[in-house]
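Student: Okay, here's the structure, questions in a sec.
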Amino acid sequence: MVLIYTTCKDVEQAKKLGQTLVEKKLAACVNVWPLNTMYFWEGKLTDDTEAALLIKTNEPKIAEVESFILKNHSYSTPFVGSVLVHRLNREYKEWMGTVLA
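The opening position of the sequence shown corresponds to residue 5 in my numbering, with each subsequent residue numbered one higher.
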């Protein structure tokens with residue numbers, strides 16, 4: 005299992021991307037939540053709101069998920085990070101196998 009994390013301009017965009025990923029069977033499940041974010045933009049500290057999108061999928065789908073996000077995201081340079089999950093309960097893993105088949 006892999007967790008892929010990205011942020012979006014708002015909850016609406018995160019839900020739209022997440023729904024499409026699940027419909028295309030690129031993700032077994034997604035989580036969306038609003039958050040505050042701080043970063044430097046054009047030399048100035050920015051304090052803003054965004055939405056987090058956490059995508060649960062299998063390792064072979066990483067490239068396709070990343071490609072989908074990069075093509076459909078509103079940011080010119082979105083962050084897309086992946087974390088390999090080494091331990092996962094058997095029941096969830098089996099469920100993911102049926103969903104992503």
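The C-beta atom is built at its ideal place from N, Cα and C for all residues, glycine as well.
The model shown is predicted, which means the values in this text are computed figures rather than measured ones.
Among Y79, E54, L25 and D14, which has the Cα closest to the Cα of V103?
Tutor: Of the listed residues, the one whose Cα sits closest to V103 is L25.
Student: What is the residue span of the alpha helix (DSSP H) that E27 lies within?
Tutor: Where E27 is concerned, the enclosing alpha helix (DSSP H) stretches over V15 to E27.
Student: For N97, I'd like the list of residues in its chain whose CB is within less than 8 Å of its CB, leaving aside the five on either flank, ordered along the chain.
Tutor: The sequence given here places Lys at residue 97; Asn does not occur at that position. Same-chain partners within the cutoff: M5.
Student: In angstroms, rounded to a whole number, what distance separates the CA positions of I59 and G47?
Tutor: 31 Å
Student: Is L104 helix, strand or coil by DSSP?
Tutor: coil
Student: Taking all protein chains shown into account, decide if T41 is buried (16 or more other Cβ within 10 angstroms of its Cβ) or exposed.
Tutor: The C-beta of T41 has fewer than 16 other C-beta atoms within 10 Å across all chains shown, which makes the residue exposed.
Student: Mapping DSSP to helix, strand and coil, what is N62?
Tutor: coil
Student: Pull up the distance between the alpha-carbon of V69 and that of K19, whole angstroms please.
Tutor: Near 15 Å, if we compare the C-alpha coordinates of K19 and V69.
Student: Using the Cβ count rule (16 or more neighbours within 10 Å means buried), how would you classify A105?
Tutor: exposed
Student: With distances taken from CA atoms, which of Q17, T61 and K75 is nearest V3?
Tutor: One cannot answer for residue 3 here, as it falls past the ends of the chain, which runs 5 to 105.
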